[in-house]
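>
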Amino acid sequence: MKRSSRLRQLMDRSVVLAPGVYNALFAKAVEHTGFDAIYVTGFGTAARYGYPDVGLITQTEMVQNLRHICRATTIPVVADADTGYGNIINVRRTVREYERAGVAGLHLEDQVFPKKCGFMEGKAVIPLEEHTQKIRAALDARTDPDTVIIARTDALAPNGWEDALARARAYREAGADLVFVDGIRTLEELKIYSRELAQKGVPCLYNGGLVTAADAERMGFKIQILAGLALGAVFVSATAAMQELNSSGSTRQTIAQFGPPGEGETVNDILGVPEVYELERRYEASAEEEQAR
Amino acid sequence: MSSPGAQLRDAMANGMVLAPFVYDGFTALVAEGKGAKAVYMTGHGTSAQIGLPDVGLTSMAEMVGNLGYIANAVGVPVIADADTGYGNALNAQRTVREYETAGAAAMHLEDQVFPKRCGFFEGKRCVPLAEHVQKIRAALDARADPDLVIIARTDAVAPNGWEDAIRRAEAYREAGADVVFVDGIRTLDDMDIYTRRLVEQGVPCLYNGQLLPAGDVATRGFKIMITGGGHALSYAAVCQALLELKQGGGGEGRDLERFNEMTSLLGLPEIYELEQRYSTD
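Sequence lines, in order, name chains A and B.
Each residue of the first sequence is one higher than the last, beginning at 212 in our numbering.
Each residue of the second sequence is one higher than the last, beginning at 1461 in our numbering.
1. Can you pull the chain A neighbours of Val-1639/B, defined as C-beta to C-beta under 8 Å?
2. What residues from chain B crowd round Gly-230/A, counting only those whose CB sits closer than 7 Å?
3. Can the beta-carbon of Lys-1595/B be found closer than 8 Å to that of Gly-1545/B?
4. My understanding is that Tyr-260/A touches Ile-268/A, with C-beta atoms under 8 Å, so please give their C-beta distance in whole angstroms.
5. Would you say Pro-325/A faces chain B, with C-beta separation under 8 Å as the test?
6. Just mark Tyr-1738/B as buried or exposed, buried being the case when its beta carbon has 16 or more other beta carbons within 10 Å.
7. Quick one: which chain B residues come within Cβ less than 7 Å of His-279/A?
8. Mind pulling the alpha helix (DSSP H) runs of 4 or more residues that sit fully within the segment 261 to 295 of chain A?
9. Looking at the structure shown, is Leu-1671/B part of a helix, part of a strand, or coil, going by DSSP?
10. List, in chain order, every chain B residue whose beta-carbon is nearer than 7 Å to that of Lys-239/A.
11. Identify whether Pro-485/A lies in helix, strand or coil by the three-state DSSP scheme.
12. What whole-angstrom Cβ distance do Gly-1493/B and Leu-1725/B have, given they're in contact under 8 Å?
13. Are Val-1609/B and Ala-1629/B closer than 8 Å when you measure CB to CB?
14. Could you name the residues of chain A that Asn-1532/B contacts, counting a contact when the two beta carbons are closer than 7 Å?
15. Does chain A have any CB closer than 8 Å to the CB of Ser-1694/B?
16. So, with DSSP's three-state summary, where would you put Tyr-417/A?
17. Between the alpha carbons of Pro-287/A and Ser-458/A, how many angstroms are there, rounded?
18. With 8 Å as the threshold, decide whether the Cβ of Phe-1574/B is near any Cβ in chain A.
19. Taking the continuous beta strand (DSSP E) assigned at Met-1567/B, which residues delimit it?
20. Looking at chain B, which residues of the segment 432 to 460 of chain A have a Cβ within less than 8 Å of any of its Cβ atoms?
21. Along chain A, which residues have their Cβ under 8 Å away from the Cβ of His-1691/B?
22. For my contact list, Gly-1475/B and Leu-456/A are in at a C-beta cut-off of 8 Å; report their separation, rounded to the angstrom.
23. By the criterion of Cβ-Cβ separation under 7 Å, what are the contact partners of Phe-1719/B in chain A?
24. Is there a C-beta anywhere in chain A that falls below 8 Å from the one on Val-1490/B?
25. Tell me which same chain residues have a C-beta within less than 8 Å of the C-beta of Thr-256/A, skipping the five on either side of it?
26. Where does Gly-473/A fall in DSSP's three states?
27. Nearest by alpha-carbon distance to Arg-214/A: which of Gly-266/A, Thr-284/A, Leu-236/A, Ala-240/A is it?
28. Given that Ala-335/A touches chain B, what residues does it touch there, using C-beta distances under 9 Å?
29. Please report the distance separating the alpha-carbon of Glu-1634/B from that of Gly-1662/B.
30. Quick check: what's the CA-CA separation for Ser-461/A versus Lys-1683/B?
31. Going straight from the alpha carbon of His-279/A to that of Gly-1511/B, what length do you get?
32. If we ignore side chains and look at the alpha-carbon of each, how far apart do Gly-316/A and Thr-358/A end up?
33. Can the beta-carbon of His-1691/B be found less than 8 Å from the beta-carbon of Cys-1578/B?
34. Determine whether the Cβ of Val-251/A lies closer than 8 Å to any Cβ atom of chain B.
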């Protein structure tokens, strides 16, 4: 089954919990741990390249990262596509490039280009009508009708709930498969999101960990992403390692603290080193063949 | 301002340079933020983050791409893994030029057969000593900046034993390598041989590992130590977070403090400042 169709099937069943990663190694870890889907964060992808999430990273870099992630995994990948990297023409290309990279779903937001992380200060949004057209362009650009197009609105922080809700409804009406109100900071906000949209038949994505997946399900959400999961874990562990290295000249305690990864799978195992050895044996020139030559 | 290579040479003149393993711009920023004076870009980690094992599948272009991001992100010198130079002496020359342009302060070239494999894997094989001597000479000749530090690595301990490894390290040094690097040091006995037979004979050496704390490695006279958890530690930490989530975790809310620390590290305050400076309002 195509990953896009699989994502739709999963959403029909229950909330899809997608931990956020930004490279192929961590994406493999998500699949290996038994999750149903992977979320690829733009914040993390920007961080990986050494930049804050303020629209400095190009579509090319996002697509390149997605290509590696999709090749390394088999479960559905939901990807951050920021503003689509320009106008409706750019959106069309973005959808096609993301599809070709192998994503099952992607979200497009109504921020002014260049964008900012949904939780940062100083966000600004384009007119509702303009983003509605972008969503239509995205839907039309799909070569796979099952590719899940998620319309994100960043209007909550700059404009308040009324505008955010009006936008979410308009994007859904334009045909978006899901809507995504980003920048939910409190449980109160999450409850409004649930009551006004998710419980009213609008398929919604929630980004954050204010509630568990079981609660997100009860609140009516179709997808829950934890965009910052991998980056947070890396930040905490790498910071601890550096502090230990400074104080004792070693990182052994930090390495022991985070222990061997789940079920004894090492990085080399998960990257397929055993398969490499097997392939080498399989394609080794046999002695007889060499003799014959 | 002095070149990255010159900066690294200055640091080496003042004692051992301790360069933690990093594999992307973010981990490089974390290391620099916590006071690292240099960072080391691992080939194993660069391969891992694009989903590949460290067996010579990752191309030079992919390594250079990653190196560019890391060197842009931090101000400290970057020591970079350049595997075998991705082919023969001519490939090594192009590799040197590309790494230099991308911002490397130092790079190491190893004497494995191409395609290579991680220094700690089974089944390593080496090219003849004379061939790698020529590759080192080619690399030295290719530098635009004479301060770029060329590190000659030998992988000969595992397949050929110490005598061959020492002969190779000496020959590479004689050919002009700035530093030599015997990889695959697994035991303290190995470490003692490395110290006695090369470091104490006046050969500038790099140590890769964590058998001893940095202070002890510096006392032995090594010039560079590359160490740390790198991507394996990150992978373990991510797996731990995933397992907690899988077991019903989450729901603990937002960690605003961590978010702010991360965005500061990534330079968000400077972005806001720049927006003000170039604003038309």
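Note that beta-carbon positions come from the ideal geometry of N, C-alpha and C, so glycine has one too.
Small disclaimer: the values here were computed from a predicted structure and weren't measured.
Taking the geometry as given:
1. As a first step, residue 1639/B is located in the second sequence; it is residue number 179 there, counting from the start. Residues of chain A passing the Cβ test: none, with the nearest at roughly 20 Å.
2. On the first sequence, residue 230/A is found 19 positions in, with the first residue counted as 1. Residue identity differs from the one stated: residue 230/A is Pro in this sequence, not Gly. Leu-1702, Leu-1705, listed in chain order.
3. Translated into the one-based positions of the second sequence, residue 1595/B becomes position 135. Translated into the one-based positions of the second sequence, residue 1545/B becomes position 85. Yes, they are a contact pair.
4. Within the first sequence, the letter at position 49 stands for residue 260/A. Within the first sequence, the letter at position 57 stands for residue 268/A. At roughly 6 Å, the Cβ-Cβ gap stays under 8 Å, so Tyr-260/A and Ile-268/A are in contact.
5. Taking the first sequence and counting its residues from 1, the one referred to as residue 325/A is at position 114. Not an interface residue.
6. Counted from its first residue, the second sequence places residue 1738/B at position 278. Exposed.
7. Position 68 of the first sequence, counting from 1, holds the residue named residue 279/A. Residues of chain B passing the Cβ test: Ile-1510, Gly-1511.
8. 270 to 283
9. Your numbering for residue 1671/B matches position 211 in the second sequence. Of the three classes helix, strand and coil, the one that applies to Leu-1671/B here is coil, per DSSP.
10. The residue labelled residue 239/A in the question sits at position 28 within the first sequence. Here the neighbours are Gly-1511.
11. What you label residue 485/A is simply residue 274 of the first sequence in a count that begins at 1. In this structure, Pro-485/A counts as helix in the three-state DSSP scheme.
12. Numbered from its first residue, the second sequence carries residue 1493/B at position 33. Numbered from its first residue, the second sequence carries residue 1725/B at position 265. About 5 Å; that satisfies the 8 Å criterion.
13. Indexing the second sequence from 1 puts residue 1609/B at position 149. Indexing the second sequence from 1 puts residue 1629/B at position 169. Taking 8 Å as the Cβ cut-off, Val-1609/B and Ala-1629/B do not qualify as a contacting pair.
14. Reading the second sequence from its first residue, position 72 is the one you call residue 1532/B. Chain A residues near Asn-1532/B: Gly-261.
15. Working through the second sequence from its first residue, we reach residue 1694/B at position 234. Closer than 8 Å: yes.
16. As a first step, residue 417/A must be located in the first sequence, where it is residue number 206. Reduced to three states, the DSSP call for Tyr-417/A is strand.
17. Indexing the first sequence from 1 puts residue 287/A at position 76. Indexing the first sequence from 1 puts residue 458/A at position 247. Cα to Cα, Pro-287/A sits roughly 43 Å from Ser-458/A.
18. Taking the second sequence and counting its residues from 1, the one referred to as residue 1574/B is at position 114. By this cut-off, Phe-1574/B is not an interface position.
19. On the second sequence, residue 1567/B is found 107 positions in, with the first residue counted as 1. Per DSSP, Met-1567/B is one residue of the beta strand (DSSP E) stretching across 1566 to 1570.
20. Within the segment 432 to 460 of chain A, Leu-437, Gly-439, Leu-440, Ala-441, Leu-442, Gly-443, Ala-444, Val-445, Phe-446, Val-447, Ser-448, Ala-449, Thr-450, Ala-452, Met-453, Gln-454, Leu-456, Asn-457, Ser-459, Gly-460 place their CB atoms closer than 8 Å to a CB of chain B, listed in sequence order.
21. For this step, residue 1691/B is matched to residue 231 along the second sequence. Result: Leu-236, Val-478.
22. Position 15 of the second sequence, counting from 1, holds the residue named residue 1475/B. Position 245 of the first sequence, counting from 1, holds the residue named residue 456/A. Not a contact, Cβ separation roughly 16 Å.
23. In the second sequence, residue 1719/B corresponds to position 259, counting from 1. Going along chain A in sequence order, the residues near Phe-1719/B (Cβ under 7 Å) are Phe-330.
24. On the second sequence, position 30 is the one that residue 1490/B refers to. Val-1490/B counts as touching chain A.
25. Position 45 of the first sequence, counting from 1, holds the residue named residue 256/A. Closer than 8 Å at Cβ, skipping near neighbours: Tyr-233, Ile-268, Glu-272, Met-273, Asn-276, Asp-291.
26. In the first sequence, residue 473/A corresponds to position 262, counting from 1. Model confidence at Gly-473/A stands at a pLDDT of 49, short of 50, so the residue's coordinates are unreliable; what they give is reported in the following sentence. The answer is helix: DSSP assigns Gly-473/A an H, G or I state.
27. The residue you call residue 214/A lines up with position 3 of the first sequence. Among Gly-266/A, Thr-284/A, Leu-236/A, Ala-240/A, the Cα nearest to that of Arg-214/A is on Thr-284/A.
28. In the first sequence, counting from the first residue as 1, residue 335/A sits at position 124. Residues of chain B passing the Cβ test: none, with the nearest at roughly 11 Å.
29. On the second sequence, position 174 is the one that residue 1634/B refers to. On the second sequence, position 202 is the one that residue 1662/B refers to. Taking the straight line from one Cα to the other gives about 12 Å.
30. The residue you call residue 461/A lines up with position 250 of the first sequence. The residue you call residue 1683/B lines up with position 223 of the second sequence. C-alpha separation (whole angstroms): 17 Å.
31. Counting from one through the first sequence, the residue named residue 279/A turns up at place 68. Counting from one through the second sequence, the residue named residue 1511/B turns up at place 51. If I take the Cα positions, the gap works out to 7 Å.
32. Taking the first residue of the first sequence as 1, we reach residue 316/A at position 105. Taking the first residue of the first sequence as 1, we reach residue 358/A at position 147. About 5 Å.
33. Counting from 1 along the second sequence, the entry for residue 1691/B is found at position 231. Counting from 1 along the second sequence, the entry for residue 1578/B is found at position 118. No, the Cβ-Cβ distance between His-1691/B and Cys-1578/B is not below 8 Å.
34. If you number the first sequence from 1, residue 251/A lands on position 40. With 8 Å as the cut-off, Val-251/A does not count as an interface residue toward chain B.
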